[in-house]
Every structure is written in C-alpha cells, then in structure tokens.
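Residue numbers (our numbering): 5 to 59.
Just so you know, even glycine gets a beta-carbon here, dropped at the ideal spot from N, CA and C.
These numbers come from a predicted model, not from an experiment.
See below for the structure under consideration.
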Amino acid sequence: MAKVAPFHSSKTKDVYHDCNTCTEGNNIEPQYKTAGTGNLPRCKNCAERDRLGTC
Ligand SMILES: [Zn+2]
5 MAKVAPFHSS
15 KTKDVYHDCN
25 TCTEGNNIEP
35 QYKTAGTGNL
45 PRCKNCAERD
55 RLGTC
C-alpha cells in the first residue's frame, strides 16, 4: 500500500491514479498505462483511499 507516481490510461483518458491499491488503476492494461496525470481529474477511489489512509 503506497502512493505512487501519477499514472493514467491512454485508452480511457478519464482519470489519473496515484495509489497502487486502486483496483481501477490496477485494471489498466500495461500497454495503456501511461505515466503522469494527463491533465485529468484525480480518481475518486484513489482520493478516498488517500483520505482513509489505505492508499
Ligand atoms: Zn484510482
């Protein structure tokens, strides 16, 4: 469980993730996993995990 460098999906381009326990982030296929925020909003799941200290 840890915060990681932001990454997003170059396929969906919906949100970025910064928590390595995020199930949505972990569902991104390796070929679409792209470093950086992509100027996207933060994933709600990641934000919630960070808030709860479970990131
Ligand atoms: Zn996420």
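Residues that residue i bridges to, as DSSP identifies them
i   : result
K37 : S13
C23 : K7
R46 : Y20
Cβ neighbour criterion (16 or more within 10 Å) applied to residue i
i   : result
G57 : exposed
D18 : exposed
Of the listed residues the options, nearest to residue i (C-alpha basis)
i   : options               : result
Q35 : E52, H12, D18 and C50 : H12
E28 : C47, E52, V8 and K7   : C47
C50 : K15, C59, G42 and N43 : C59
E52 : E33, K15, H21 and N31 : H21
Check whether residue i and residue j have beta carbons under 8 angstroms apart
i   : j   : result
A39 : N24 : no
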